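Chains as they are written, first to last, in my numbering: chain A, 13 to 288; chain B, 5 to 269; chain C, -16 to 268. A quick write-up on the structure given underneath.
Here's what the structure looks like:
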């Protein structure tokens, strides 16, 4: 069983001086939920674009679903992996929701007669059926991102990269989209690669890749990453509440487990107080 | 901004609105040719009646069409005055002192006015009853034979559709930038020439930067969804000729032939 | 110095198909010298409200007074430029307004519009840039060379250069990473504590409201439904539930503890206080 994504010794150079991506290697299992974190400028978006073949690597190799990515087979690669960008407006191509979802289908040369049922089915999946004829200026950020997700799903891709897809949305929009991403991961076994700043999302993912100045500082489960004080402090990463609480309690001699779950933590703290 | 009526699409549900955009483009071309056939006032009268019927069936209001015509009025009056002094053919109709007003001058000017009026009515009807995107599609289809000569008709049509899609977005952005700069003390109305230039720059530069960023992001999004310039694609939207398109084209052609005959006979 | 709204209505595109009432009967007094958060769902009227403060919008009905200025329907205040000097308004994604070739030139733009001569404007600009944390060696860089967060700081410097006594910010941390968002809020805290600037922040971030703001104004469908101090606001979980607002995590945590039989005082709003209280409660048993 091949991996969804495999990256070996990847290097990319944007400016003359530094390597934006400096010898990175990692792999991503099919059906997993991987988050990529790191400060702004660490290379997160660059990796996303390299995986989609939107940027040309300097050296190293990238395999998408077992196929090596190179200039000749970009169309093939784009049949396997898709991306939802950060700015809801700048990736809305069609003049209406319907036209936007159709755009990808047009490029993949789907038969015209088959397009309508596909468009309507995915619009329904993201709850945008009543907005099919709407123009982008009449939609909220969250709604536009839902359309972006529908457009990618409609192309029948199994690997989707989310490049800070919720950072420009209001809390309602963020919630909608996070819920939707979780749904398509759980129900459709889509391999999710999410570049994010949302520490709670990271806590719920299967794997975390931590980038620092173009290098892979660390890769592992959320628990492993959050317990690595050096990484967390050096990179000034946002620390989940439960971890801050746990560390603070430890300084007072109170021991609680490594749980990342708010409910469990509350339970343990209360047990401690009530001496149960 | 909201008072520009020339070129604006009016969403209604009329016979003309429902015609195929290709039909309307072709009909417009034929009618424009017809206008230039010198068949005298009778000819213009026939065209006028035809257009009147079309206008009624398009459900557009007369005041709307008049608004489209109004900007040209000033120029026409100016033209009339010039012609009165220059054209000296025909009989003399009026004499004021040493100035003679010739019939030729009056008739020529009236012809020009009539032609202009008819042209404006025709083009306004086209743009008012056809969504810009449908117009683009119609043009793309009609020009597709040119693709065989390596003219990138599809790419041009794609560019036009994208521009149309982003016009409202860019307008909103311009509004925002204006407000932001007003908050920094920019006053578009007063100030020295140099200050006014700075004020305009403070609007245009951010708008340009933003547009380039959008174009960049858009290109990435399009590529990621499999778009390749020049590659084969299937077009989702389809234009279909109906019986009504057929009769429209037949009647317009009939009109042209009729006018030619009128002129010849 | 004062900000007072008196029964203000605002209607977009009156008498047209697009008519929309964004503000209804808004009466409000903002306390000077404090940091006030303005919260509410998208479309509740927050942006419309703040754009009245520097006269970008005029009320459809009612009036407001800001310092010595009165802003009412159909009558742009005389000397509106002076108002815009006293009330600095920073838009959402403010980095989009940068346009000059260098940072120092862009920040000087504001003062120059108010008649300040070039040399002096540059000095003022330099001070403002330092205040927002830009290194002097970067003053001659082009805005295009900076990151999003840095550009936003430059845009804020552009407003600070006009020495406003009231600073209004529309979602200043939108789209920033947590670190960037935190340092932005620290900047506002400093401006408030050290320079006494009255600050109004339109925000969705409840953690920031908890940590940095003194008072909270809540808008719903164009009406002001609440104006309280921060502690009072966070005691009201009925409202937060109804409005589907995610409360700050510490408050969610305290709520969960209640389910397990432990109640913490509503004044406990930081981790340090929480931990002390946990140890104290155990000690008591």
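By construction, the Cβ of each residue, glycine as well, lies at the ideal position given by its N, Cα and C atoms. These figures come from a predicted structure and were not determined experimentally.
Bridge-paired residues (DSSP) for residue i
i: residue -13 of chain C; result: C:12, C:48
i: residue 85 of chain B; result: In the DSSP output, where bridge partners are listed per residue, residue 85 of chain B has none listed.
i: residue 197 of chain A; result: DSSP lists no partner for residue 197 of chain A.
i: residue 20 of chain C; result: C:184, C:199
i: residue -7 of chain C; result: C:6
i: residue 23 of chain A; result: A:34, A:71
i: residue 210 of chain C; result: C:200
i: residue 93 of chain A; result: A:171
i: residue 250 of chain A; result: According to DSSP, residue 250 of chain A bridges with nothing at all.
i: residue 80 of chain A; result: A:75
i: residue 58 of chain C; result: C:55
i: residue 1 of chain C; result: Looking at the DSSP assignment, residue 1 of chain C forms no beta bridge with any residue, so it has no partner.
i: residue 149 of chain C; result: C:70, C:181
Neighbour list for residue i in chain B, Cβ cutoff strictly below 8 Å
i: residue 142 of chain C; result: 187, 188
i: residue 67 of chain C; result: 186, 187, 188, 189
i: residue 64 of chain C; result: 189, 191
Chain C contact residues for residue i, given Cβ-Cβ distances below 9 Å
i: residue 53 of chain A; result: 130
i: residue 237 of chain A; result: Residues of chain C passing the Cβ test: none, with the nearest at roughly 15 Å.
i: residue 214 of chain B; result: 79
Three-state secondary structure (DSSP) of residue i
i: residue 112 of chain B; result: helix
i: residue 216 of chain C; result: helix
i: residue 6 of chain B; result: Note on residue 6 of chain B: pLDDT 42, under 50, position unreliable in the model; the coordinate value appears next. Coil at residue 6 of chain B, not helix or strand.
i: residue 190 of chain A; result: helix
i: residue 98 of chain B; result: strand
i: residue 221 of chain B; result: helix
i: residue 73 of chain C; result: strand
i: residue 237 of chain C; result: helix
i: residue 12 of chain B; result: coil
i: residue 14 of chain A; result: coil
i: residue 229 of chain A; result: strand
i: residue 58 of chain A; result: helix
i: residue 284 of chain A; result: helix
i: residue 45 of chain A; result: strand
i: residue 101 of chain A; result: coil
i: residue 17 of chain B; result: coil
i: residue 238 of chain B; result: coil
i: residue 207 of chain A; result: strand
i: residue 257 of chain B; result: helix
i: residue 40 of chain B; result: coil
i: residue 202 of chain A; result: coil
i: residue 40 of chain A; result: strand
i: residue 255 of chain A; result: helix
Partner residues on chain A for residue i, Cβ-Cβ distance less than 9 Å
i: residue 242 of chain B; result: 124
i: residue 238 of chain B; result: 117, 118, 119, 120, 121, 122, 123, 124, 127
Listed by chain order, chain B residues near residue i by CB distance under 9 Å
i: residue 92 of chain C; result: 185, 188, 189, 190, 202, 206
Contact list for residue i against chain A, beta-carbon separation under 7 Å
i: residue 195 of chain C; result: Within chain A, no residue comes near residue 195 of chain C; the closest Cβ sits about 16 Å away, beyond 7 Å.
i: residue 161 of chain C; result: 209, 250
Cross-chain neighbours of residue i in chain A, by beta carbon under 8 Å
i: residue 268 of chain C; result: 285, 286, 287
Closer than 8 Å at the beta carbon, the chain C residues around residue i
i: residue 172 of chain B; result: By Cβ distance, chain C contributes nothing, its closest Cβ being about 13 Å from residue 172 of chain B, past 8 Å.
i: residue 181 of chain B; result: 79, 80
* the segment 65 to 78 of chain C / the segment 214 to 222 of chain B touching (three or more Cβ pairs under 8 Å) -> Not touching, per the Cβ criterion.
* To do: Report yes or no: do the segment 124 to 132 of chain A and the segment 91 to 107 of chain A share at least 3 C-beta pairs separated by less than 8 Å?
  => Because the criterion of three Cβ pairs below 8 Å is not met, the segment 124 to 132 of chain A and the segment 91 to 107 of chain A do not touch.
* Which of the residues in the segment 29 to 50 of chain C, read from start to end, lie with their CB under 8 Å from any CB of chain D? -> The chain inventory of the structure shown lacks chain D, comprising the protein chains A, B and C.
* **Residues, ordered as in the chain, of the segment 227 to 240 of chain C that lie near chain A by beta-carbon distance below 8 Å** => Answer set for the segment 227 to 240 of chain C: 227, 228, 229, 232, 233, 235, 236, 239, 240.
* Asked: Counting pairs of Cβ atoms below 8 Å between the segment 142 to 157 of chain B and the segment 56 to 65 of chain C, do you hit three or more?
  -> Cβ pair count under 8 Å is below three, so no.
* Asked: Got a sec: which bits of the segment 95 to 109 of chain C sit with their beta carbon under 7 Å from any beta carbon on chain B, in order along the chain?
  -> Only 96, 97 from the segment 95 to 109 of chain C bring a Cβ to less than 7 Å from some Cβ of chain B.
* Please name the residues in the segment 86 to 101 of chain A whose beta-carbon is closer than 7 Å to at least one beta-carbon of chain B, in chain order. => If the cut-off is 7 Å between Cβ atoms, the segment 86 to 101 of chain A has 87, 90, 94, 95, 97, 99, 101 near chain B.
* Is there contact between the segment 116 to 130 of chain B and the segment 38 to 55 of chain B, where contact requires at least three CB pairs shorter than 8 Å? -> Short answer: they touch.
* Asked: Three or more beta-carbon pairs under 8 Å between the segment 145 to 158 of chain C and the segment 196 to 211 of chain A, yes or no?
  -> No, the segment 145 to 158 of chain C does not touch the segment 196 to 211 of chain A.
* Asked: Contact between the segment 227 to 235 of chain C and the segment 190 to 197 of chain C: three or more CB pairs below 8 Å?
  -> Verdict: yes, contact present.
* Flag this pair as touching only if the segment 158 to 169 of chain B and the segment 140 to 149 of chain B have three or more C-beta atom pairs under 8 Å; answer yes or no. => Yes: the two stretches touch, three or more of their Cβ pairs being nearer than 8 Å.
* To do: May I ask you to list, following chain order, the residues of the segment 111 to 138 of chain B that have a beta carbon less than 7 Å from some beta carbon of chain A?
  => Answer set for the segment 111 to 138 of chain B: 137.
* Asked: Is there contact between the segment -10 to 8 of chain C and the segment 39 to 46 of chain C, where contact requires at least three CB pairs shorter than 8 Å?
  -> Yes, the segment -10 to 8 of chain C is in contact with the segment 39 to 46 of chain C.
* Under 9 Å (Cβ pairs) to chain A, residues found in the segment 242 to 262 of chain C -> Along the segment 242 to 262 of chain C, the positions whose C-beta sits under 9 Å from a C-beta of chain A are 242, 243, 244, 245, 254, 255, 257, 258, 259, 261, 262, read in chain order.
* **Three-pair Cβ contact test at 8 Å for the segment 90 to 100 of chain A versus the segment 197 to 215 of chain B** => In the pairwise beta carbon analysis, the segment 90 to 100 of chain A is classified as not touching the segment 197 to 215 of chain B: fewer than three pairs are separated by under 8 Å.
* Asked: Would the segment 30 to 46 of chain A and the segment 81 to 88 of chain A be scored as touching if the rule is three or more Cβ pairs under 8 Å?
  -> Pairwise C-beta distances place the segment 30 to 46 of chain A out of contact with the segment 81 to 88 of chain A, as fewer than three of them are shorter than 8 Å.
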